[in-house]
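For the sequence shown, the UniProt record's numbering gives the first residue as 1, with consecutive numbering after it. All C-beta atoms in this analysis are idealised placements derived from N, C-alpha and C, irrespective of residue type, glycine included.
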Amino acid sequence: MAGSFRSVVLRGQSFAKYAYLRRFEPTRFRASVRTYPSSVNEEYIKDQHKNEEYEEDGSNRQPGYDDLYPGHIPTTPFQRALLAVGSAAMCLYNPARDDMICALGESTGYYSLKAAHKKMLSDPTGRQILEEQPLLNTDTVDIEYLGTLPEGTFGKEYWKFLNKHGFSPDARLPVHFIDDPELVYVMLRYRQVHDLMHTLLGMPPNMLGEVAVKWVEAIQTGLPMCVLAALFGPLRLGPKHRQKYLDTYLMWAIRCGTNAKFLLNVYFEKQWEKNLDDLRRELNVEPAPVPLIRTGKKQAVA
(Lines of atoms letter the chains of each structure in order from A and count residues from 1; the text may use other names and numbers.)
(Lines give C-alpha, C1' and ligand atoms only; values in the text may rest on other atoms or scores of the structure.)
Protein backbone atom coordinates (compact mmCIF):
# COMPACT_ATOMS: atom_id res chain seq x y z
CA MET A 1 0.00 0.00 0.00
CA ALA A 2 1.47 3.35 -1.05
CA GLY A 3 2.12 5.64 1.86
CA SER A 4 1.79 2.86 4.44
CA PHE A 5 4.26 1.30 6.85
CA ARG A 6 4.52 -1.72 4.53
CA SER A 7 6.11 0.42 1.80
CA VAL A 8 9.22 1.48 3.74
CA VAL A 9 12.75 1.18 2.34
CA LEU A 10 16.04 1.22 4.21
CA ARG A 11 17.86 4.53 4.00
CA GLY A 12 21.51 5.06 4.77
CA GLN A 13 21.35 8.54 6.29
CA SER A 14 18.63 10.64 7.83
CA PHE A 15 18.22 13.11 10.66
CA ALA A 16 15.77 13.70 13.49
CA LYS A 17 14.81 17.09 14.83
CA TYR A 18 11.74 16.83 16.90
CA ALA A 19 12.60 17.96 20.43
CA TYR A 20 12.98 21.46 21.70
CA LEU A 21 16.46 20.72 23.02
CA ARG A 22 17.53 19.57 19.55
CA ARG A 23 18.14 23.22 18.75
CA PHE A 24 21.10 23.09 21.10
CA GLU A 25 22.46 19.66 20.12
CA PRO A 26 21.92 18.61 16.48
CA THR A 27 21.12 14.95 15.94
CA ARG A 28 23.83 12.74 14.52
CA PHE A 29 23.15 11.00 11.23
CA ARG A 30 22.08 7.40 11.63
CA ALA A 31 20.32 4.58 9.77
CA SER A 32 16.64 5.32 9.26
CA VAL A 33 13.56 3.79 7.71
CA ARG A 34 11.04 5.90 5.83
CA THR A 35 9.21 6.19 2.55
CA TYR A 36 10.49 8.21 -0.39
CA PRO A 37 9.00 10.03 -3.34
CA SER A 38 10.26 8.66 -6.64
CA SER A 39 12.43 11.71 -7.25
CA VAL A 40 14.47 11.37 -4.04
CA ASN A 41 17.56 9.18 -3.70
CA GLU A 42 16.76 7.26 -6.89
CA GLU A 43 20.36 6.14 -7.22
CA TYR A 44 20.36 4.70 -3.72
CA ILE A 45 17.07 2.90 -4.22
CA LYS A 46 18.29 1.44 -7.52
CA ASP A 47 21.37 0.14 -5.74
CA GLN A 48 19.14 -1.48 -3.14
CA HIS A 49 17.18 -3.29 -5.87
CA LYS A 50 20.39 -4.45 -7.52
CA ASN A 51 21.41 -6.12 -4.28
CA GLU A 52 18.11 -7.94 -3.75
CA GLU A 53 19.15 -11.10 -5.59
CA TYR A 54 22.42 -11.22 -3.66
CA GLU A 55 20.58 -10.82 -0.35
CA GLU A 56 17.87 -13.40 -1.06
CA ASP A 57 19.97 -16.25 0.31
CA GLY A 58 20.91 -14.20 3.39
CA SER A 59 24.63 -14.20 2.56
CA ASN A 60 24.85 -10.42 2.88
CA ARG A 61 22.91 -10.15 6.13
CA GLN A 62 23.69 -10.95 9.73
CA PRO A 63 21.63 -13.88 11.10
CA GLY A 64 18.31 -12.72 12.51
CA TYR A 65 18.62 -9.10 11.44
CA ASP A 66 15.79 -7.58 9.36
CA ASP A 67 13.83 -10.85 9.46
CA LEU A 68 10.65 -9.30 10.87
CA TYR A 69 10.90 -5.85 9.27
CA PRO A 70 13.58 -3.57 7.80
CA GLY A 71 15.91 -2.40 10.54
CA HIS A 72 14.86 -5.02 13.09
CA ILE A 73 17.54 -5.87 15.67
CA PRO A 74 16.65 -8.99 17.70
CA THR A 75 17.54 -9.01 21.39
CA THR A 76 17.50 -11.50 24.23
CA PRO A 77 15.69 -10.69 27.51
CA PHE A 78 19.05 -9.95 29.13
CA GLN A 79 20.03 -7.63 26.29
CA ARG A 80 16.69 -5.82 26.51
CA ALA A 81 17.19 -5.34 30.24
CA LEU A 82 20.64 -3.87 29.68
CA LEU A 83 19.27 -1.67 26.91
CA ALA A 84 16.47 -0.44 29.16
CA VAL A 85 18.78 0.43 32.05
CA GLY A 86 21.43 2.05 29.86
CA SER A 87 18.98 4.07 27.76
CA ALA A 88 17.06 5.21 30.87
CA ALA A 89 20.27 6.47 32.46
CA MET A 90 21.27 8.29 29.28
CA CYS A 91 17.80 9.85 28.94
CA LEU A 92 18.08 11.28 32.45
CA TYR A 93 21.57 12.57 31.70
CA ASN A 94 20.70 14.02 28.29
CA PRO A 95 17.00 14.24 27.32
CA ALA A 96 18.02 15.38 23.83
CA ARG A 97 19.21 11.86 22.93
CA ASP A 98 16.17 10.84 20.93
CA ASP A 99 17.82 7.55 19.98
CA MET A 100 18.02 6.63 23.67
CA ILE A 101 14.42 7.71 24.24
CA CYS A 102 13.34 5.43 21.40
CA ALA A 103 15.44 2.55 22.71
CA LEU A 104 13.92 2.94 26.17
CA GLY A 105 10.40 2.95 24.74
CA GLU A 106 10.99 -0.17 22.68
CA SER A 107 12.84 -2.16 25.35
CA THR A 108 10.22 -1.54 28.06
CA GLY A 109 6.96 -1.09 26.16
CA TYR A 110 5.83 -4.62 25.24
CA TYR A 111 2.87 -4.95 27.61
CA SER A 112 1.72 -1.37 27.11
CA LEU A 113 1.89 -1.77 23.34
CA LYS A 114 -0.10 -5.02 23.58
CA ALA A 115 -2.79 -3.18 25.54
CA ALA A 116 -2.82 -0.31 23.05
CA HIS A 117 -3.04 -2.77 20.16
CA LYS A 118 -6.04 -4.42 21.82
CA LYS A 119 -7.75 -1.05 22.28
CA MET A 120 -7.19 -0.22 18.64
CA LEU A 121 -8.59 -3.57 17.50
CA SER A 122 -11.72 -3.03 19.58
CA ASP A 123 -12.47 0.33 17.95
CA PRO A 124 -13.64 0.63 14.29
CA THR A 125 -11.32 3.56 13.53
CA GLY A 126 -8.42 2.04 15.43
CA ARG A 127 -8.90 -1.20 13.52
CA GLN A 128 -8.91 0.73 10.25
CA ILE A 129 -5.65 2.44 11.21
CA LEU A 130 -4.05 -0.93 11.97
CA GLU A 131 -5.26 -2.35 8.65
CA GLU A 132 -4.18 0.60 6.50
CA GLN A 133 -1.10 1.52 8.56
CA PRO A 134 -0.86 5.13 7.36
CA LEU A 135 2.48 6.91 7.66
CA LEU A 136 2.91 10.56 8.55
CA ASN A 137 5.64 12.10 6.41
CA THR A 138 6.05 14.56 3.57
CA ASP A 139 5.25 11.83 1.03
CA THR A 140 1.81 11.18 2.47
CA VAL A 141 0.86 14.61 3.85
CA ASP A 142 0.78 17.71 1.65
CA ILE A 143 2.23 20.19 4.12
CA GLU A 144 1.81 23.13 1.77
CA TYR A 145 -1.89 22.30 1.40
CA LEU A 146 -2.29 22.37 5.18
CA GLY A 147 -0.92 25.90 5.13
CA THR A 148 -3.75 26.99 2.82
CA LEU A 149 -6.52 25.74 5.11
CA PRO A 150 -8.68 28.26 7.00
CA GLU A 151 -7.53 29.64 10.33
CA GLY A 152 -8.52 27.51 13.29
CA THR A 153 -8.58 24.20 11.42
CA PHE A 154 -6.58 21.29 12.78
CA GLY A 155 -4.45 21.07 9.63
CA LYS A 156 -3.66 24.80 9.64
CA GLU A 157 -2.63 24.73 13.30
CA TYR A 158 -0.42 21.69 12.71
CA TRP A 159 1.20 23.52 9.79
CA LYS A 160 1.83 26.50 12.08
CA PHE A 161 3.38 24.24 14.70
CA LEU A 162 5.78 22.68 12.21
CA ASN A 163 6.79 25.99 10.66
CA LYS A 164 7.09 27.92 13.91
CA HIS A 165 9.46 25.37 15.44
CA GLY A 166 11.23 24.16 12.30
CA PHE A 167 9.98 20.58 12.63
CA SER A 168 9.32 17.98 9.95
CA PRO A 169 7.02 14.93 10.00
CA ASP A 170 9.94 13.02 8.44
CA ALA A 171 11.94 13.32 11.66
CA ARG A 172 10.65 10.30 13.56
CA LEU A 173 13.13 7.48 14.05
CA PRO A 174 12.32 3.91 12.95
CA VAL A 175 11.59 0.98 15.24
CA HIS A 176 14.46 -1.47 15.85
CA PHE A 177 14.05 -3.54 19.02
CA ILE A 178 10.44 -4.75 19.04
CA ASP A 179 10.17 -8.47 18.27
CA ASP A 180 6.37 -8.71 17.88
CA PRO A 181 5.43 -7.74 14.30
CA GLU A 182 1.94 -6.66 15.40
CA LEU A 183 3.36 -4.05 17.75
CA VAL A 184 5.91 -2.44 15.44
CA TYR A 185 3.37 -0.20 13.78
CA VAL A 186 1.70 0.71 17.08
CA MET A 187 5.00 2.10 18.36
CA LEU A 188 5.69 3.90 15.08
CA ARG A 189 2.20 5.40 15.08
CA TYR A 190 2.68 6.63 18.62
CA ARG A 191 5.90 8.39 17.56
CA GLN A 192 4.52 9.89 14.39
CA VAL A 193 1.46 11.46 16.00
CA HIS A 194 3.48 13.09 18.82
CA ASP A 195 3.54 16.52 17.17
CA LEU A 196 -0.17 16.14 16.44
CA MET A 197 -0.64 15.65 20.18
CA HIS A 198 1.15 18.95 20.78
CA THR A 199 -1.18 20.61 18.29
CA LEU A 200 -4.30 19.03 19.74
CA LEU A 201 -3.33 19.87 23.33
CA GLY A 202 -2.02 23.35 22.50
CA MET A 203 1.37 22.69 24.08
CA PRO A 204 4.68 24.13 22.84
CA PRO A 205 7.74 21.87 22.45
CA ASN A 206 9.59 23.36 25.41
CA MET A 207 10.31 21.37 28.56
CA LEU A 208 7.05 22.34 30.26
CA GLY A 209 5.03 21.47 27.17
CA GLU A 210 6.84 18.17 26.71
CA VAL A 211 6.23 17.14 30.32
CA ALA A 212 2.52 17.97 30.00
CA VAL A 213 2.20 15.99 26.79
CA LYS A 214 4.10 13.08 28.34
CA TRP A 215 1.57 12.96 31.19
CA VAL A 216 -1.25 12.65 28.69
CA GLU A 217 0.62 9.97 26.73
CA ALA A 218 1.56 8.11 29.91
CA ILE A 219 -2.04 7.92 31.10
CA GLN A 220 -3.34 7.00 27.66
CA THR A 221 -0.75 4.39 26.68
CA GLY A 222 0.90 3.32 29.92
CA LEU A 223 4.28 3.23 28.18
CA PRO A 224 7.01 3.13 30.88
CA MET A 225 9.09 5.59 28.89
CA CYS A 226 6.26 8.14 29.06
CA VAL A 227 5.72 7.48 32.77
CA LEU A 228 9.41 8.04 33.52
CA ALA A 229 9.46 11.23 31.45
CA ALA A 230 6.34 12.54 33.20
CA LEU A 231 7.76 11.79 36.66
CA PHE A 232 11.35 12.89 36.19
CA GLY A 233 10.99 15.54 33.47
CA PRO A 234 9.80 18.21 35.95
CA LEU A 235 13.18 17.99 37.69
CA ARG A 236 14.64 19.85 34.71
CA LEU A 237 12.10 22.70 34.87
CA GLY A 238 13.20 26.13 36.04
CA PRO A 239 11.56 27.65 39.14
CA LYS A 240 8.89 29.64 37.26
CA HIS A 241 7.94 26.78 34.96
CA ARG A 242 7.95 24.31 37.85
CA GLN A 243 5.49 26.50 39.76
CA LYS A 244 3.20 26.79 36.74
CA TYR A 245 3.47 23.04 36.24
CA LEU A 246 2.45 22.28 39.82
CA ASP A 247 -0.24 24.96 40.04
CA THR A 248 -1.90 24.47 36.66
CA TYR A 249 -0.51 22.12 34.03
CA LEU A 250 -0.08 18.90 36.02
CA MET A 251 -3.75 18.50 36.95
CA TRP A 252 -4.85 19.69 33.52
CA ALA A 253 -2.68 17.05 31.80
CA ILE A 254 -3.97 14.34 34.13
CA ARG A 255 -7.58 15.34 33.36
CA CYS A 256 -6.87 15.33 29.62
CA GLY A 257 -5.21 11.92 29.68
CA THR A 258 -7.99 10.44 31.79
CA ASN A 259 -11.03 11.95 30.11
CA ALA A 260 -10.04 12.11 26.44
CA LYS A 261 -10.89 9.44 23.92
CA PHE A 262 -8.04 6.96 23.30
CA LEU A 263 -6.06 9.15 20.93
CA LEU A 264 -4.32 6.34 19.03
CA ASN A 265 -7.79 5.54 17.72
CA VAL A 266 -8.01 8.93 16.01
CA TYR A 267 -7.39 8.94 12.26
CA PHE A 268 -5.76 12.37 12.39
CA GLU A 269 -5.11 12.44 8.66
CA LYS A 270 -8.88 12.65 8.09
CA GLN A 271 -9.29 15.62 10.44
CA TRP A 272 -7.23 18.30 8.71
CA GLU A 273 -10.22 20.40 7.61
CA LYS A 274 -12.02 20.16 10.96
CA ASN A 275 -12.04 23.12 13.34
CA LEU A 276 -9.58 22.48 16.16
CA ASP A 277 -11.98 23.51 18.91
CA ASP A 278 -14.66 21.20 17.46
CA LEU A 279 -12.16 18.34 17.29
CA ARG A 280 -11.20 18.89 20.92
CA ARG A 281 -14.84 18.78 21.98
CA GLU A 282 -15.39 15.62 19.92
CA LEU A 283 -12.41 13.93 21.58
CA ASN A 284 -13.21 15.36 25.03
CA VAL A 285 -9.88 17.19 25.19
CA GLU A 286 -9.89 20.11 27.61
CA PRO A 287 -8.18 23.17 26.06
CA ALA A 288 -4.82 24.11 27.55
CA PRO A 289 -4.94 26.72 30.36
CA VAL A 290 -2.92 29.09 28.15
CA PRO A 291 -3.77 28.13 24.54
CA LEU A 292 -0.81 28.15 22.16
CA ILE A 293 -2.17 26.70 18.94
CA ARG A 294 -5.36 28.71 18.75
CA THR A 295 -3.58 32.06 18.65
CA GLY A 296 -0.46 30.97 16.83
CA LYS A 297 1.56 33.08 19.30
CA LYS A 298 4.38 31.95 21.54
CA GLN A 299 3.23 30.10 24.64
CA ALA A 300 3.12 32.55 27.54
CA VAL A 301 4.59 30.29 30.17
CA ALA A 302 7.74 32.20 31.13
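Residue span of the alpha helix (DSSP H) that contains residue i, given as start and end
i    : result
D142 : Counting along the chain, D142 falls outside any alpha helix (DSSP H), and DSSP gives it neither H nor E.
I219 : M207 to T221
M251 : L250 to N259
A115 : Y110 to L121
Y185 : P181 to Q192
G86  : P77 to Y93
V175 : No alpha helix (DSSP H) holds V175; DSSP gives it neither H nor E.
M225 : P224 to F232
H241 : P239 to K244
Proximity to residue i [Cα-Cα], best of the options
i    : options                   : result
M203 : K164, G238, M225 and P174 : K164
N206 : A96, P289 and T76         : A96
N265 : M197, F232 and R255       : M197
I219 : V85, A116 and L136        : A116
D277 : G155, Y267 and R191       : G155
L200 : L83, F161, L136 and L149  : F161
Y267 : G126, A84, R191 and L223  : G126
W272 : P150, G257 and F78        : P150
Y190 : L223, F177 and E210       : L223
E144 : N94, V175 and Y158        : Y158
T153 : L279, D67, E131 and V175  : L279
H176 : D67, P287 and S112        : D67
P169 : V85, T138 and K118        : T138
V186 : E210, L246, L130 and L173 : L130
Y110 : L82, D180, H194 and E269  : D180
Paired residues, beta bridge with residue i - DSSP
i    : result
T153 : N275
Same chain, Cβ closer than 7 Å to residue i, neighbours up to 5 away in sequence not counted
i           : result
K214        : C226, A229, A230 and G233
S87         : M100, A103, L104 and S107
residue 330 : No answer is possible for residue 330: it lies beyond the span of the chain, which begins at 1 and ends at 302.
K50         : In this predicted model, K50 has a pLDDT of only 43, less than 50, meaning its place in the structure is not dependable enough to derive any value.
Spatial neighbours of residue i in its chain, beta-carbon cut-off 6 Å, leaving aside the 5 residues before and after
i    : result
A260 : L283, N284 and V285
R253 : The displayed chain sequence assigns Ala, not Arg, to residue 253. Hits under 6 Å: A212, W215 and V216.
Y249 : A212
P291 : Any reading at P291 is ruled out, since the residue's pLDDT is 48, under 50, leaving its predicted position unreliable.
CB contact check: residue i to chain C, cutoff 8 Å
i    : result
G238 : Looking at the structure shown, chain C is missing, and only one protein chain is on hand.
Cβ shell of residue i (< 8 Å), same chain only, five flanking positions each side left out
i    : result
R236 : P95 and M207
G257 : W215, V216, E217, A218, I219 and Q220
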